[in-house]
Each structure stands twice: as C-alpha cells, then as structure tokens.
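Step one of this worksheet: look at the structure below.
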DNA sequence: TATGAATGAGCGTTCATTCAT
DNA sequence: GATGAATGAACGCTCATTCAT
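In structure tokens:
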C-alpha cells in the first residue's frame, strides 16, 4: 500500500548538497521564519529526505548558525570595503541599505525573525555580539577624525548601525511608510551640519 | 504531571479574569517570548486552568493581539503626552527610551520576539502598521515647524522612531555596547546643529 | 480522507488512568522490553492516545521508574514478611522464587531486560542499589545468629540473593534446564550441612 | 557531519577485516552496550566506513551472533580446561569469576545488556541455551562422583552456574555490596560441609 | 464559569541499511 | 573491496485546542 517512494538518489557531492541545503534553508527561513520551517521542508526543498539532511548538518540549529555566519561575514566584508572608500557615516548607511535591498534574492519579510531566533542561541549570540563590536571598532577606526575622538566615533558608529537596523526593520515591516533615500539624505544633512562637509569617498553610485 | 488537585475556583467576574490573564500573558511573553510561553503557563499563572482560559479568549493568538493593542495604545497615549510638552525629537527619543526601560517590570530581553510574533499575524500587522503611521503623523503634526515642512517632519519622525527601535534592539541584545545617554546626546547635537536650538518642553521629568 | 479518529473520550479519573497505563506498560515492557515498547503502544493499549499519556507521566523513563518502585516495594514487603516467619535462607529462597513465579501475570521472558534498562538510568540505579543493600541488611539482621556473625550473615544474604537472581534469570531464559525445587532442596542441604538444621519457620508450604 | 575525507582504504583481506570489525564491535558493545553502539562507530573504529561493514556482515545482529559465538566458545574452552584440572565446584566458580574479571579489557559494565540483547534474537537464544545445557553436561560429567549421581551433579552444575551469573551481575551493578572472595570461600565451605573436602585440582593459578 | 482528561498533528533527531560509483 | 550520500521508518515529546462533567 501507499506507493513507497522509489529509491532515487541524484547523489550529489557533499559540498554541492550543503550549498543546496543552505540555500533552501535561507529561502525558507526568510520566507516563513526559522521556527515555522521544518527540517523536512528544507530537505525536500533541496530534493532529498529529512534523514539525509543530517548527513550534512548536525542539527537544525547548526544550519541557522551556518547561515548566520555566512551572511555576517559577507556583511562584514562589504562593510570593510565600504569603509575603505567612504569615510562619511551617511555614505556608509547608504551603502549598507542599498546592499541589504539588492542582496535579498528572496523576500526578506521575516528576516527579522531569523535574526531574533539566531540571537536566542547562546553561541550564535556571542558570535554576533562579538562581530558587532568588531564592526563598531572598524567603523570608528576608519572614519575621518573630524568626527571626534575615538569614543565619540564609537558612539557615532553605534548610532549609525542602530539607525540602519531600525530603518531596515521598519522598511521590511511596512515599506510604504519609510523613504530610504529621504532618510539617507536627512542623515547626511544632520552630519554635515554638525561636522562640516567631509568628503565621502567617490560619491554616489 | 497531573498536578495534585488544588481545586480553587474563585469564580471571578469575567472582566477581572481577563485582566489577570492578560497580565500573566504579558509577564510571560516578555520574559520568555511568545512561542516559549504555553497557554497552561498563562492560565496557571493567573490562577486558573488551561481550559478556563478559552472562556475568556478565543485563542492564544488572540491574547497576543489583545496585548499588542493594549501596549500600543499605552505607547500611543504616552507619545501624545510627550509630544504635548516636548517639541524636540531628541527629547522624544529620550523619553521613549526612558519609558521603555522603566516600564519593563521584568527583563525585556525577549520583547523583540514578542513583536516579531505579532507582526506575523496579518491582522495584527495591519493594525500595527496603521498605528505606526498615525504615530508618524502625530509626531509630524506636533513637532516645531522649524524642523521643516510636513513631509520633512514626516521623515524626521520616521528617522526618530527608527533610531529608537534600532537603539532599543541593540540595547536589548548587548547592553554593554551602547550607551543610551551618549546616543541621546549625540542625536540632540545633530539636530541642534541643523535646526538650531529649539526649546524641548519642560525638560526632564 | 483517512477517517479521522472520532473524538471519543472515556474520560477516566486520573488515578484510574495511571493504573491502566502502568498496567499496560508493565505488560508491554515485560513482553517486548523497554526499548522495544513505544509510548504510543502503551497509550493505545490503555485506550488513549500518545499525547494523553504525557498528561499522566512526565516521560517514558518515569513510567519505568514508577514500575520499578512498585515492583521493588512489593518485593521488599514480601521479603519482610518472609523474614518474619522463616529464619532459614533456603526457605527465603524458596519463597522468593515461588513468589516471582506466581506474581508474573504475564510472561516474564524479557523481565531481565526490564531491569537492565532500569539500571541504566542513574537515579533508578541508585534507588535499586540502595534498596538492595537494605534488603541485605534486613536479611542479615533477621536470620538466625547461628549462621554466623553480622558480616558472615551479610555474605550469606548476598549469596542467597545472587543465587536467587541467577536461578531466576536462567529459569526465565530456559525453564527446562533448571528444576527450581531441586535447587531449593540442594541449597537447603548445603546450609544444613554447614550450620546444622535450623528451624525455618512454619515449614514448607 | 560529513567527516572530511580521510580516504584511506588499506584494502585488507576479508578475513583480517572481519577480525578487526569483530574486535571493534566487542570493545564497543561491552563498553556502551549493543543498542548504544552504532554500525558507524564499529566501522570507524575498525578503520573503514559504514558501508563497507556490510561487505563483511549481513547485519548488525549478525555481528552480535558472531561475537556471542566467539565468546561462548572461548568460555566453553576455558571451562573445559578448568574442569580438567579442578574437580571442585567452588574452584570452578573461583576460576570463572576470576576469568570474567581479568578478561574484561574494558569495563564490563554493560556486558549484561550485551547478553540480554543476544537472548532476544531467537536463533542466538537457541544457540546459547544449547551451549548452556552442554556446559551443564560437561560439568556434571567431569566433577567428582562424590558430589552425587548424574542428576545431582547436574543440579550442582546449574546451581554453580546460576550462582556465578547472579554474583557477576550483582558485582557489575554495585561492586561495593559483594565481596567475591568471601562468596567463593562461603561456597567452598558449604560444599565441603556437605560433600567432605574434595581435592580441587592443582590449586590457585 | 471552571476543570482537567483527552486529542492529534507535528517536530527534531537517530540509525540500520542500500546502492551507484 | 570500499565509499559515503541517501533512505525511510521510527520514536519521544510538545502543545493549542476541545469538551463532558
């Protein structure tokens, strides 16, 4: 009874499967949220069975970590690159927002939940907090000294990142209410008023 | 399992019970998160049993909605009051942050999760987005006209609220990395530089 | 599709259900072994669903413990009673064996596995070892002083219990190979030879 | 998961591999128990992969059987040897216990579980029961005739083996409660009292 | 109104076994 | 002979919800 699923195995190399699974996981996590996504969905969406998933990952939580690391490292790399060129915080905000938009291959609707879930897992939280502090440091270290002393530049970094996250979340929740360009412009004006016009790299893309 | 019969049924009036249950739910949701809180915990914590809970609320999700409305209305009322006195956005930010700190009887650690869960439910999301737009409007309508025309004040409102949310989340996730007073001061200086010093109401509570 | 099981609930009082579930568990554990028995089987065999089982017991392991305690206490009580009447170790062996035969409502085939599994759970193991030492003490304290000093009577107790367990297991594994009456008689003769004939209570049943 | 390629395939002759696998299985089974040991562990511990294991054994259960046979045959051989020298049952008990102690390269803690699992498999059970009866026969055939006629010596064999098993299990479960030397001595005295002192071979190894 | 026994769908994970390469 | 990716059938447990009393 119940036509037993025919034993079929595309039998991909491990590395390829990992990519597939991570891709499926990212897509599902961002679409439906971490909790709402089952390991079975991830596996099926990658073309194999639940059991096989555990051949490639130790646990669902581990997939989350893997994903978090991947995204964070990319984010970090991008930030590094940005800071190398643009010395002005508003410019950084601009590029950060622009990136998070374009980079969302799939709907980021529930991305926030993804991060929240990640933050619940102690080791992931530690990782993320560490990475954030490093980002703040990097930011404070790269930005023009006219923005103040080290401490002040640190505050500015936190300010900028918080603004970024706040805008991003709001934008995800209700895009109609927030005009990203207007926000970036406003931030730029605020900074210019206080610190004077400071060259911000190559200028607008 | 099977907790030994406590058989206590004070049989309170419905309205009173609702209050109790909502109180318990708020406490538990903010402490442990929505998903992590079971209906049983809510009921028990309010002094009755799981089954009885369903006499007062249609579902767990409904409790969430009820709570979201309650908190949002309070938040809204508070904002109204603040806007009546303080005309400066930085002052608003100050009071908002101060309030969310003091108002947290219990750790707000997982508060974020609470809102995320709320946002997943379409009707709650619609409600919250509507309320947010109203808050932006109210803000833009109340703030000193020296902050720009209606549209600009709208942007400023979104900017302020986003900054608020961003700072709040970061503060929840890793309090050590963000100094709220420094952030408020920084925001005040940025605004003053651009718009000039504008009276910000009666000053600190 | 798949005619959803009609919601039917005999709705028994908790105490009664507990008994039923313990009974089902005992039957299944002894027949098929602890590992081989699923919580679903236990529940179904008691007339309810898997989920309901967890209304009455915290875990499968807990059911095991409950059962172990029940059997052990009964065993202990029986031993107490026996020791009150029969002062001779062979008589104790006799009664112990007789009891474990009659008491087995259902096949004891896999009883051994039941105890092994129990011994794997640390808290159960501690409980059982404590109980065993108490039984040895009780035995050594009750038995006629002609069997030696306290230490020697302790050894005799361990000897008797070990013999009992050994015979019991062998009897369970292959009843044809061991004649319980002959073993009891042999043990009696060995004791009589060494310690002289010592009254063993009311005599043979 | 997915251990980084070690890609080592010494490609040993089948017989050698079998030995290795059986060795690994014995070590793991006795240390952790049959159920707790996975085929992967066995294979890895023998230096090859899970899949390869099935070239040498039809199933995990078959490994168990193989092992049971091996151990039993060795046990039998040892008994044979012992019976050739020592004619006194207490001496046999002594040597049996001593052997099971020394022979345990690794903790025998879960050895019991090993045998229980074996007994669950019908064909293994049949084999073991047959072997046990043969051991009883051999014992009864070898032991001094002063211990009684064939039937009585059979009972004595069962008595001795049961005592052996009982003591062994108790010793494994809670070593503190049973003094093996005292038990052996006690058994010797019981026998001597009844049957008179009978030479027990060459004495202690 | 309140109780609490019962439901049932679901989830993350494990593992002996298979088989294409 | 060996690999290792894949299978699939369990299993223990959770929990929002229902409902007879």
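Residue numbers (the numbering used here), protein chains in the order written: chain L, 1 to 205; chain D, 1001 to 1205; chain G, 2001 to 2205; chain R, 3001 to 3205.
Just so you know, even glycine gets a beta-carbon here, dropped at the ideal spot from N, CA and C.
Mind pulling the alpha helix (DSSP H) runs of 4 or more residues that sit fully within the segment 1077-1133 of chain D?
DSSP runs (the alpha helix (DSSP H)) wholly in the segment 1077-1133 of chain D: 1089-1102, 1111-1120.
Who are the neighbours of residue 3183/R on chain G, taking C-beta pairs under 9 Å?
Sequence index remark: in the fourth chain, residue 3183/R carries index 183 (1-based). The contacting residues are 2155, 2158, 2159, 2162.
Return helix, strand or coil for residue 195/L, following the three-state DSSP convention.
Here the question's residue 195/L lines up with position 195 in the first chain. Helix at residue 195/L.
In whole angstroms, what is the alpha-carbon distance linking residue 132/L and residue 113/L?
Walking along the first chain from the start, residue 132/L turns up at place 132. Walking along the first chain from the start, residue 113/L turns up at place 113. Each residue's alpha carbon lies about 18 Å from the other.
Taking Cβ to Cβ, would you say residue 2042/G is nearer than 8 Å to residue 2014/G?
Here residue 2042/G refers to the residue found at position 42 when the third chain is read from its first residue. Here residue 2014/G refers to the residue found at position 14 when the third chain is read from its first residue. No, these two residues do not count as a Cβ contact at 8 Å.
Are the C-beta of residue 60/L and some C-beta of chain D separated by less than 8 Å?
As a working note, residue 60/L is residue 60 in the first chain. With 8 Å as the cut-off, residue 60/L does not count as an interface residue toward chain D.
Using only CA atoms, which one of 3143/R, 3038/R, 3055/R, 3182/R lies nearest to residue 3094/R?
Taking the fourth chain and counting its residues from 1, the one referred to as residue 3094/R is at position 94. Ranking 3143/R, 3038/R, 3055/R, 3182/R by Cα distance to residue 3094/R puts 3182/R first.
Tell me whether the segment 3153-3173 of chain R and the segment 3064-3074 of chain R touch, counting them as touching only if at least three CB pairs, one residue from each stretch, are closer than 8 Å.
Touching, no.
Checking 8 Å against the spacing of the C-beta atoms, do residue 50/L and residue 39/L come in under that value?
In the first chain, the residue the question calls residue 50/L occupies position 50. In the first chain, the residue the question calls residue 39/L occupies position 39. Yes. Within cutoff.
Can you tell me whether DSSP reads residue 2168/G as helix, strand or coil?
Numbered from 1 along the third chain, position 168 holds the residue referred to as residue 2168/G. Here residue 2168/G sits in helix by DSSP.
With a cut-off of 8 Å, does the C-beta of residue 1040/D fall near any C-beta of chain L?
For the purposes of this step, residue 1040/D is identified with residue 40 of the second chain, where counting begins at 1. Not an interface residue.
So, helix, strand or coil for residue 1142/D, using DSSP?
The residue labelled residue 1142/D in the question sits at position 142 within the second chain. The answer is helix: DSSP assigns residue 1142/D an H, G or I state.
Would residue 68/L pass as a contact of residue 118/L if the rule is Cβ separation under 8 Å?
By 1-based counting over the first chain, the position of residue 68/L is 68. By 1-based counting over the first chain, the position of residue 118/L is 118. Against a cut-off of 8 Å, the Cβ pair of residue 118/L and residue 68/L comes out as a contact.
Using 8 Å as the threshold, is the segment 1158-1168 of chain D in touch with the segment 1132-1141 of chain D, meaning 3 or more CB pairs across them?
Cβ pair count under 8 Å is three or more, so yes.
What whole-angstrom Cβ distance do residue 1064/D and residue 1124/D have, given they're in contact under 8 Å?
As a first step, residue 1064/D is located in the second chain; it is residue number 64 there, counting from the start. As a first step, residue 1124/D is located in the second chain; it is residue number 124 there, counting from the start. The pair is a contact, with the Cβ atoms about 7 Å apart (cut-off 8 Å).
What does the alpha-carbon distance come out to for the pair residue 126/L and residue 34/L?
Reading the first chain from its first residue, position 126 is the one you call residue 126/L. Reading the first chain from its first residue, position 34 is the one you call residue 34/L. If you take the alpha carbons of residue 126/L and residue 34/L, they lie about 19 Å apart.
Quick check: what's the CA-CA separation for residue 130/L versus residue 53/L?
Residue 130/L sits at position 130 when you count from the first residue of the first chain. Residue 53/L sits at position 53 when you count from the first residue of the first chain. Going from the Cα of residue 130/L to the Cα of residue 53/L covers about 29 Å.
Report yes or no: is there a C-beta of chain G within less than 8 Å of the C-beta of residue 3031/R?
The residue you call residue 3031/R lines up with position 31 of the fourth chain. Chain G contact via Cβ: absent.
If you measure between the beta carbons of residue 3081/R and residue 3121/R, is that distance less than 8 Å?
On the fourth chain, position 81 is the one that residue 3081/R refers to. On the fourth chain, position 121 is the one that residue 3121/R refers to. Cβ atoms of residue 3081/R and residue 3121/R: not closer than 8 Å.
Name the chain D residues whose beta carbon is nearer than 8 Å to that of residue 191/L?
Walking along the first chain from the start, residue 191/L turns up at place 191. In chain order: 1190.
If you measure beta-carbon to beta-carbon, which residues of the segment 3163-3179 of chain R are closer than 8 Å to chain G?
Under the 8 Å Cβ criterion, the segment 3163-3179 of chain R contributes 3163, 3164, 3165, 3166, 3167, 3169, 3170, 3173, 3174, 3177, 3178, 3179.
Please confirm whether residue 1194/D has its beta-carbon closer than 8 Å to some beta-carbon of chain L.
Locating residue 1194/D in the second chain gives position 194, where the first residue counts as 1. Cβ-Cβ to chain L under 8 Å: yes for residue 1194/D.
Out of curiosity, what's the CA-to-CA distance linking residue 1023/D and residue 1047/D?
Counting from 1 along the second chain, the entry for residue 1023/D is found at position 23. Counting from 1 along the second chain, the entry for residue 1047/D is found at position 47. Taking the straight line joining both Cα atoms gives about 12 Å.
Rounding to the nearest angstrom, what Cα-Cα distance links residue 1111/D and residue 1057/D in this structure?
Indexing the second chain from 1 puts residue 1111/D at position 111. Indexing the second chain from 1 puts residue 1057/D at position 57. About 22 Å.
In the structure shown, what three-state DSSP assignment does residue 46/L receive?
Here residue 46/L refers to the residue found at position 46 of the first chain. Coil at residue 46/L, not helix or strand.
Count the other CB atoms, across all protein chains shown, that sit within 10 Å of the CB of residue 1166/D; report buried if there are 16 or more and exposed otherwise.
Taking the first residue of the second chain as position 1, residue 1166/D is located at position 166. It is buried - the Cβ of residue 1166/D has at least 16 other Cβ atoms within 10 Å.
Note down, in chain order, each residue of its chain lying with its Cβ closer than 7 Å to the Cβ of residue 202/L, except the 5 sequence neighbours on either side.
On the first chain, residue 202/L is found 202 positions in, with the first residue counted as 1. Residue placement at residue 202/L is flagged as unreliable, the pLDDT there being 45, under the threshold of 50; the coordinate-derived value follows with that caveat. So the list reads 85, once near-sequence residues are dropped.
Short of 7 Å in beta carbon distance, which residues of its chain neighbour residue 3017/R, apart from the five on each side in sequence? Order them along the chain.
Taking the fourth chain and counting its residues from 1, the one referred to as residue 3017/R is at position 17. Excluding residues within five positions, the ones whose Cβ falls inside 7 Å are 3056.
What residues in the segment 1042-1074 of chain D have a beta carbon less than 9 Å from any beta carbon of chain L?
Those residues of the segment 1042-1074 of chain D that come within reach of chain L (Cβ to Cβ, closer than 9 Å) do not exist; the list is empty.
Would you identify the three-state DSSP class for residue 24/L, choosing helix, strand or coil?
As a first step, residue 24/L must be located in the first chain, where it is residue number 24. Correct three-state label for residue 24/L: helix.
Within 10 angstroms of its Cβ, does residue 3162/R collect 16 or more other Cβ (buried), or is it exposed?
Here residue 3162/R refers to the residue found at position 162 when the fourth chain is read from its first residue. That one is buried.
Compare the C-alpha of residue 144/L against each of 19/L, 59/L, 92/L, 88/L and name the closest.
Residue numbering aside, residue 144/L sits at position 144 when the first chain is read from its first letter. Closest option to residue 144/L, Cα to Cα, is 88/L.
Output, in sequence order along the chain, the residues in the segment 3121-3132 of chain R whose CB is closer than 7 Å to any CB in chain G.
If the cut-off is 7 Å between Cβ atoms, the segment 3121-3132 of chain R has 3129, 3132 near chain G.
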